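J.: Chains as they are written, first to last, in the numbering used here: chain A, 11 to 425; chain B, 11 to 425; chain C, 11 to 425; chain D, 11 to 425.
There are 4 protein chains.
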Amino acid sequence: MDFSPSDRAAEIVEAVRGFIQAEIEPVEEQYHRDVAAADDPWTPLPLVEQLREKARAQGLWNLFLPAGHGDAYAQQYGTVGGQGLTNLDYAPVAELTGRSFLAPHVFNCNAPDTGNMEVLLRYGTAEQQREWLEPLLRAEIRSAFCMTEPDAASSDATNMRATAVVDGDEMVINGRKWWSTGVGHPDCKILVFMGLTDESADRHSQHSMVLVPRDTPGVNVERLLPTMGTLDPPHGHGEVSFTDVRVPVGNVLAGPGRAFEIAQGRLGPGRVHHCMRLIGLAEAALELACRRSLERTAFGKPIANLGGNRERIADARIAIDQARLLVLHAAWLLDTQGPLGAFSAVSAIKVAVPTMAQQVIDMAMQLHGGGGLSDDFPLAAAWTNARALRLADGPDEVHRSVVARLELGKYGAKR
Amino acid sequence: MDFSPSDRAAEIVEAVRGFIQAEIEPVEEQYHRDVAAADDPWTPLPLVEQLREKARAQGLWNLFLPAGHGDAYAQQYGTVGGQGLTNLDYAPVAELTGRSFLAPHVFNCNAPDTGNMEVLLRYGTAEQQREWLEPLLRAEIRSAFCMTEPDAASSDATNMRATAVVDGDEMVINGRKWWSTGVGHPDCKILVFMGLTDESADRHSQHSMVLVPRDTPGVNVERLLPTMGTLDPPHGHGEVSFTDVRVPVGNVLAGPGRAFEIAQGRLGPGRVHHCMRLIGLAEAALELACRRSLERTAFGKPIANLGGNRERIADARIAIDQARLLVLHAAWLLDTQGPLGAFSAVSAIKVAVPTMAQQVIDMAMQLHGGGGLSDDFPLAAAWTNARALRLADGPDEVHRSVVARLELGKYGAKR
Amino acid sequence: MDFSPSDRAAEIVEAVRGFIQAEIEPVEEQYHRDVAAADDPWTPLPLVEQLREKARAQGLWNLFLPAGHGDAYAQQYGTVGGQGLTNLDYAPVAELTGRSFLAPHVFNCNAPDTGNMEVLLRYGTAEQQREWLEPLLRAEIRSAFCMTEPDAASSDATNMRATAVVDGDEMVINGRKWWSTGVGHPDCKILVFMGLTDESADRHSQHSMVLVPRDTPGVNVERLLPTMGTLDPPHGHGEVSFTDVRVPVGNVLAGPGRAFEIAQGRLGPGRVHHCMRLIGLAEAALELACRRSLERTAFGKPIANLGGNRERIADARIAIDQARLLVLHAAWLLDTQGPLGAFSAVSAIKVAVPTMAQQVIDMAMQLHGGGGLSDDFPLAAAWTNARALRLADGPDEVHRSVVARLELGKYGAKR
Amino acid sequence: MDFSPSDRAAEIVEAVRGFIQAEIEPVEEQYHRDVAAADDPWTPLPLVEQLREKARAQGLWNLFLPAGHGDAYAQQYGTVGGQGLTNLDYAPVAELTGRSFLAPHVFNCNAPDTGNMEVLLRYGTAEQQREWLEPLLRAEIRSAFCMTEPDAASSDATNMRATAVVDGDEMVINGRKWWSTGVGHPDCKILVFMGLTDESADRHSQHSMVLVPRDTPGVNVERLLPTMGTLDPPHGHGEVSFTDVRVPVGNVLAGPGRAFEIAQGRLGPGRVHHCMRLIGLAEAALELACRRSLERTAFGKPIANLGGNRERIADARIAIDQARLLVLHAAWLLDTQGPLGAFSAVSAIKVAVPTMAQQVIDMAMQLHGGGGLSDDFPLAAAWTNARALRLADGPDEVHRSVVARLELGKYGAKR
């Protein structure tokens, strides 16, 4: 149970830290102000692409690529050292990028593109990889993941109503998806769609995952959804309708009926990434809280010294440290025992980390007074991010039920 | 300790309930969509004025006016029965209006105008009342309250840096205020400004409250502040600079140095109003949660029957009921023992109710999945409202310290 | 919704307060020390009987008797004014007695005797009342209630396995009960037993409630159960076996199959009493916490001024006040709308109050350091009392499910 | 950051697990029943000594001895492999022994003897070690630690009032200590006493730690203190008075004025031991909760499947795992960076772990109904243990203030 990063990972972590401090932090606040002031915030500002070029040149690029089957691409697309990273080695990188809203995009390590790239890497044909994975690895195009639906409780993925039906050598796709993150971005060219193919198959073999080019006739972004009032340009979270959309049957990933299998493989590392980024976000919030509480004075004292504020800071420190160790442990299990061995641990972090982050950020907001709710500080955006992750990739309640089922299973419970 | 409304209040409550159901609920969702789609959301839609006319015609107007010294205006400006209401009688009215975002405006019972009108009612000269209070009571103009400052921890109001200095027969005003709610509205004509007049006076007699017409030279709305991503048009929360602003010394309310005294009188009933509106908001959220959890199905059951959802609903029911009784008790104390007798009780509700509402609404959001974060449901806006009220009118921590001081005072603690 | 006590109740409250301060508080600590040091702690010390005589002489006696059908006994057995009290009028009396461990016994207002007396009052025949109720009202004998079972999850009362079978003109009783409070007392002469009579009847008509004299052959107190290490002499909580116990069929209260109906009627007021006593206990704990935190000094300050201690005191004040209002409201509903109208409210207080009391007492324990865990302060005993009431009379979880069912029922849920 | 045990430690862990399962678990319940039924529970039953002999024979003995300076004694007194263990290697041993009340005593790894032995090992002279340490390592005698005082807030150790004054070649000791665990045991022969020697020295050099033989004239155990109603025989927690007690000045550990320095060194590993034992206790409680909730049925389902019970089980699983990782991390810091490098981490576990354990055990109690409060299950005792550790070795609040001070120190706060 060694959570230390490898030497190479330690070097990458330091390089990422240096890059963020030197290149991203000095410009991030202005970037957000520029987006807010833009006539069309949905046209990406050139800054991100400029930063990407620098990151790529330093090999701080596609760091999410997994050790082993991601090595060839890591070499070709310029990750430092030419090899993918284990989950444990990538974890501190994700924590660092999570402190910043730009960083994941700059290093080509942002959701949902990372998850989609990993699916293509594991399940894509050579043809699919050439057409979609490689431009994604070069950040020439962006992607979206279309799974959740507005008209069904998607916490139970088998509830899904959208269909992906085989019709000769075509898949015919119908339905409505939402919270398709990134679909508002002009570079978004490919959608990974999940839908019902065969209701007569067993419960977890009924659905397919299909590559749907964004410009296929019948695909329509009906609207972009605000999250706590924010549309999140230039990425956006879309509600997308699919009306008699036809793609070749070869666009099905791994073959019809295998969507759940793919989703499970996609989600383990993805949840570790999300959680480590939230750890970074919580650390950033705690740092802001500490600084603010030392700088501001009320009733003749720094506000750090008023009432329970120190206790809140201590509790935040403890909560973040516990959460980080839990995520590192889950990453280590994924690396050493695979998705099944890490099944409960991955659900556990999905329960523990977003809630922890939401609380720490809420505490930091409170210490910032009105400023904490405004966009003068990144706290309101951070809170929204953490809150959304109590629902995204499965609500807390579903993950708790997984943990409980496996715990009770030790004592003979069948389900 | 009789919390029952008077017969007249009970009639008004039923009339308000009927009005909201018949006139406001059917149009509210479209109203928000229209504002969101408007070219200029800062130009008020005619709907509010149309609804106001109906409400005024039925005497559902200025219901906040306090029994006793508000009676003359209640008669003149058309409140049912021609008398003001006690805090206890007004409480259930505020709860009902709190379920809706439009309702407080429709009945001319919205913050901060109610608080400003009450200040003018209690402390304004006949001249000031004629010029500012009466148009406010007619809803011809709107007002803002300029107290909190960006550059000081305003939880300690004595920290305030803005100045209101007597210079002959003028007050000279300088400084910067923020979270001045309503200042973005085109009808906002009058600002109630609080600033430092005499540093040599005793701690609570240094500040003055001054009426500053919005169009006075030197008053500038620097920007409108988003709260959790929302600018809240057409009202807005402004950051306002005052640069050598000059108004006649007669614009000082009650005389120089009396700002704290006025603020205390303003804030007691205002906090009861805020809290009762939040009770209404929490009830609305619980209702949404119940309906959603019965309508949606996952894993073969209505989601109400999954995991701890029923327990959460029970806890919400219990928390709301406790909070409502606490607010009614505070209102009853205000009515029967005045602000001093209700001092701890008013701080207690300011601690208990926004936190309760935030939790109940968060729970309802979770039961709505992604929809709960979007604007398809009023939950994200409700959450923001509740969260902001953990800071507005004094952060939780300051109110807890008041409650603790009075509690420890029973056993001889001096402070 | 008037929670003020009647004039008569207000007088009784003051008399009870005076009695406790003058007669009970000065001797209570020594009483506990004497019990702890006694050779046989199960032999009651004469003090309680001495205090009872004084209380009876002042009419502070059987105050729990309900207004209306309890009036005749209130007159005969000496309650001030010769009438029973409403639930609302009795509530502040119960709060006061709850501050003290002796007081409920001194005023003949202690559980489970009060509940058993109320059952006899409502459902007993004249013969049963003469034989058992009247000596109970005179405190000549004590009683126990035998419902919960060691071998079944008694949260679902229909799980009960003990039997009470009609055999000619006798009831034959078999089974094992535990947590029969008071069964260790030498004056305990009568047991109210609940068991299964007819499995073929509908779910809530299968059980009977039977009067079983303590000395009936086949009744055996197997052991006395410690609660958190305490056997609670001279009352005790017993595990009682019933082996072919035979009593006349006339000992069945209200007739075979009516146990659930009786239990429901018994439990509403009983839960109000329990909760109000806990409110008193929490108040006493908060008072101890305040005094201690002002008296003790650490790091150069009274501990009240360290860290979050004031916030904890404020939160306790607020939590107690909310809880008390919730109980008063439930009492008022019981008085004005009967058990059915108060059904959710009574479950709500059973959820809210013991948890609140447990937390407040835990906080007070923490402020007392090691002393808080010892018996130098009544806090450890108070905690045990509050904790036990999260299980007694139905665990929190069952009461939450009642509240949720009624809440969801508003929106059409059938169960 | 490698938390894996060494190969030798892994073997010891398995041997300890096997010993507990084979030798201790089968007899533990009966042991507690025998103690409860004993005429004199303060006379140790022979069972512990019998088990000790077996443990000693297998080298499962004095496993707490620290790698490095504990090696010589580990060799001499028979620890497997003849070497001490690192904190990280000992941690899983402590977790296992924490599941059982007997186990720590059986392996001679119980507090406070371990801490006292470690003090003697680090600071004792050869003479002191021969006289006191060696018999302790052989378990021939037992010891107590006398630090906390009834008359001062001992959370601030500088508050201490007891004195240890140099008078020629003697120390004269006066004062009153309490919560001296183990002082009730007939084998308790040596007390480690801490008192004020020189008020004029700097704040942390005023106190001395002195070895006081239990039978020195003037030492009197005034009483044994119950914790939540339990006296904890045959060990006990004593209140001890010291009246003009005289011991040679050579009995001072490390020399006058060095008590704080010694206490700090003693407490770091001791807190890791306490916390790991609590992790074991929480695991045992969770196991009981799982088994019970699968075995018992209510409302037609195993209680595991009722309401929020599965969520509670999941939350317990997650909380325990987080806490264990935090303790392992603190142990690793102690091993690699020493007490100063682990300063915040050790305080962090002292805050996090007892509270976590208290909550998990409370949950398990609730799932056991009334049984959970009785002594039919080890839950009530476990709860008391966890609760006491929120105060013992420094209350939560003091440890939070340490964590906060070090956190704020990163941003320049001086204290």
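Glycine included, every Cβ here is placed at the ideal spot set by N, Cα and C.
This one's a predicted model, so the numbers in the text were calculated from it and none came from an experiment.
Here's the rule I'm using: 16 or more other beta-carbon atoms within 10 Å means buried, otherwise exposed. How should ALA82/B be labelled?
T.: By one-based count along the second sequence, residue 82/B stands at place 72. Exposed, by the Cβ-count rule.
J.: If the cut is a Cβ gap below 9 Å, which residues of chain D does THR237/C touch?
T.: Here residue 237/C refers to the residue found at position 227 when the third sequence is read from its first residue. Those are GLY239, GLY380, LEU383, SER384 and ALA390, listed as they occur along chain D.
J.: On the DSSP bridge list, what partners appear for ASN230/A?
T.: For the purposes of this step, residue 230/A is identified with residue 220 of the first sequence, where counting begins at 1. Paired residues: SER251/A.
J.: So, with DSSP's three-state summary, where would you put HIS409/B?
T.: If you number the second sequence from 1, residue 409/B lands on position 399. Three-state result, HIS409/B: helix.
J.: Roughly how many whole angstroms lie between the Cα atoms of LYS424/C and SER164/B?
T.: Along the third sequence, one-based indexing puts residue 424/C at 414. Along the second sequence, one-based indexing puts residue 164/B at 154. Whole-angstrom Cα-Cα distance: 51 Å.
J.: So, is the C-beta of TRP52/B closer than 9 Å to a C-beta in chain A?
T.: For the purposes of this step, residue 52/B is taken as residue 42 along the second sequence, with counting starting at 1. So no, TRP52/B is outside the interface.
J.: In terms of residue numbering, what span does the alpha helix (DSSP H) encompassing ILE183/D cover?
T.: For the purposes of this step, residue 183/D is taken as the residue at position 173 of the fourth sequence. Note, ILE183/D: premise wrong, no alpha helix (DSSP H); beta strand (DSSP E) at 180–191.
J.: Could you round the C-beta distance between THR240/C and TRP189/C to whole angstroms and report it? I think they count as a contact, below 8 Å.
T.: Taking the first residue of the third sequence as position 1, residue 240/C is located at position 230. Taking the first residue of the third sequence as position 1, residue 189/C is located at position 179. Rounded, the Cβ-Cβ distance is 14 Å, inconsistent with contact.
J.: Using the C-alpha atoms, what's the distance from VAL361/C back to GLN376/D?
T.: Residue mapping note: residue 376/D aligns to position 366 of the fourth sequence, counting from 1. Residue mapping note: residue 361/C aligns to position 351 of the third sequence, counting from 1. One C-alpha to the other measures close to 13 Å.
J.: Spell out whether any CB of chain G is found under 9 Å from the CB atom of MET375/A.
T.: Of the protein chains in the structure, A, B, C and D, none is chain G.
J.: Could you spell out where the beta strand (DSSP E) holding ASP177/C opens and where it closes?
T.: Within the third sequence, residue 177/C is the residue found at index 167, counting from 1. ASP177/C -> beta strand (DSSP E) spans 173–177.
J.: Do the segment 293–301 of chain D and the segment 366–375 of chain D touch if we need at least three Cβ pairs shorter than 8 Å?
T.: Verdict: yes, contact present.
J.: Alpha carbon to alpha carbon, how far is LEU416/A from SER303/B? Give it in angstroms, no decimals.
T.: What you label residue 303/B is simply residue 293 of the second sequence in a count that begins at 1. What you label residue 416/A is simply residue 406 of the first sequence in a count that begins at 1. In a straight line, the C-alpha of SER303/B is about 26 Å away from that of LEU416/A.
J.: Which residues share a DSSP beta bridge with HIS217/B?
T.: Position 207 of the second sequence, counted from the start, is the residue given in the question as residue 217/B. Answer is LEU206/B, bridged to HIS217/B.
J.: Only counting the same chain, and skipping five residues up and downstream in sequence, which positions put a Cβ closer than 6 Å to that of ALA162/B?
T.: Counting from 1 along the second sequence, the entry for residue 162/B is found at position 152. Taken in chain order, the residues that qualify are ASN169 and ARG171.
J.: Name, please, each residue of chain A whose Cβ falls closer than 8 Å to the Cβ of ARG410/B.
T.: Numbered from its first residue, the second sequence carries residue 410/B at position 400. GLY317, listed in chain order.
J.: Under a three-way DSSP split, which group does ASP12/C fall into?
T.: Along the third sequence, read from residue 1 onward, the residue named residue 12/C stands at position 2. ASP12/C falls in the strand class under three-state DSSP.
J.: Taking contact to mean 3 or more Cβ pairs, one atom from each stretch, closer than 8 Å, check whether the segment 99–114 of chain B and the segment 280–294 of chain B are in contact.
T.: The answer is yes - the segment 280–294 of chain B touches the segment 99–114 of chain B, with three or more Cβ pairs under 8 Å.
J.: Start and end of the alpha helix (DSSP H) containing PHE429/C?
T.: Within the shown structure, residues of chain C are numbered from 11 to 425, placing residue 429/C beyond reach of any answer.
J.: Using a Cβ-Cβ cutoff of less than 7 Å, which residues in the same chain neighbour ALA367/D once the five nearest sequence positions on both sides are dropped?
T.: If you number the fourth sequence from 1, residue 367/D lands on position 357. For ALA367/D, where only same-chain residues beyond five positions count, the Cβ hits under 7 Å are LEU288, LEU291, ALA292 and ALA396.
J.: For the putative contact between ILE34/A and LEU61/A, defined by C-beta atoms under 8 Å, what is the C-beta separation to the nearest angstrom?
T.: Taking the first residue of the first sequence as position 1, residue 34/A is located at position 24. Taking the first residue of the first sequence as position 1, residue 61/A is located at position 51. Their Cβ separation, rounded to whole angstroms, is 7 Å, which keeps ILE34/A and LEU61/A in contact under 8 Å.
J.: Is there at least one Cβ from chain A nearer than 9 Å to ARG327/D's Cβ?
T.: Here the question's residue 327/D lines up with position 317 in the fourth sequence. Judged by the 9 Å Cβ criterion, ARG327/D is in contact with chain A.
J.: Quick one: is TYR421/C near chain B, going by C-beta distance under 9 Å?
T.: As a working note, residue 421/C is residue 411 in the third sequence. TYR421/C counts as touching chain B.
J.: Counting only C-beta atoms, is VAL282/A closer than 9 Å to chain D at any point?
T.: Position 272 of the first sequence, counted from the first residue, corresponds to residue 282/A. No - not a single Cβ of chain D is within 9 Å of the one on VAL282/A.
J.: Excluding the 5 residues flanking LEU399/C on each side, which residues of the same chain have their C-beta closer than 7 Å to its C-beta?
T.: Position 389 of the third sequence, counting from 1, holds the residue named residue 399/C. Within the same chain, LEU399/C has close Cβ partners HIS284, LEU288 and PRO364.
J.: Give the DSSP-derived three-state secondary structure of PRO266/B in the structure shown.
T.: Reading the second sequence from its first residue, position 256 is the one you call residue 266/B. It is coil, neither helix nor strand.
J.: Rounded to whole angstroms, what's the CA-CA distance from GLY351/A to VAL282/D? Just pull it up for me.
T.: Within the first sequence, numbered from 1, the residue matching residue 351/A stands at position 341. Within the fourth sequence, numbered from 1, the residue matching residue 282/D stands at position 272. In a straight line, the C-alpha of GLY351/A is about 28 Å away from that of VAL282/D.
J.: Taking 9 Å as the CB-CB cut-off, is GLU7/C touching chain A?
T.: A query on residue 7/C cannot be resolved here, the shown segment of chain C reaching from 11 to 425 and no further.
J.: Using DSSP with H/G/I as helix, E/B as strand and the rest coil, what is ARG256/A?
T.: What you label residue 256/A is simply residue 246 of the first sequence in a count that begins at 1. Reduced to three states, the DSSP call for ARG256/A is strand.
J.: Per DSSP, what kind of secondary structure is ARG400/A in: helix, strand or coil?
T.: Looking up residue 400/A in the first sequence gives position 390. Three-state DSSP puts ARG400/A in coil, outside helix and strand.
J.: Check whether the Cβ of GLU359/B lies closer than 9 Å to any Cβ atom in chain A.
T.: Locating residue 359/B in the second sequence gives position 349, where the first residue counts as 1. According to the sequence shown, residue 359/B is Ile rather than Glu. It does not; no Cβ of chain A falls within 9 Å.
J.: How far does the beta strand (DSSP E) with ALA154/D in it extend, from its first residue to its last?
T.: What you label residue 154/D is simply residue 144 of the fourth sequence in a count that begins at 1. First-last of the beta strand (DSSP E) with ALA154/D: 152–156.
J.: How far does the alpha helix (DSSP H) with ASP99/B in it extend, from its first residue to its last?
T.: By 1-based counting over the second sequence, the position of residue 99/B is 89. From DSSP, the alpha helix (DSSP H) with ASP99/B extends over 97–108.
J.: Distance, Cα to Cα, ASP179/A vs VAL262/A?
T.: By 1-based counting over the first sequence, the position of residue 179/A is 169. By 1-based counting over the first sequence, the position of residue 262/A is 252. So the alpha carbons of these two residues sit roughly 11 Å apart.
J.: Run through chain B and tell me which residues come within less than 7 Å of TRP188/A, C-beta to C-beta.
T.: The sequence position of residue 188/A within the first sequence is 178, counting from 1. Correct list: GLY380.
J.: Starting from the beta carbon of LEU298/A, find every residue of chain D whose beta carbon is closer than 9 Å, and list them in chain order.
T.: The residue you call residue 298/A lines up with position 288 of the first sequence. The premise fails here: LEU298/A is roughly 10 Å from chain D at the closest Cβ pair, so nothing lies under 9 Å.
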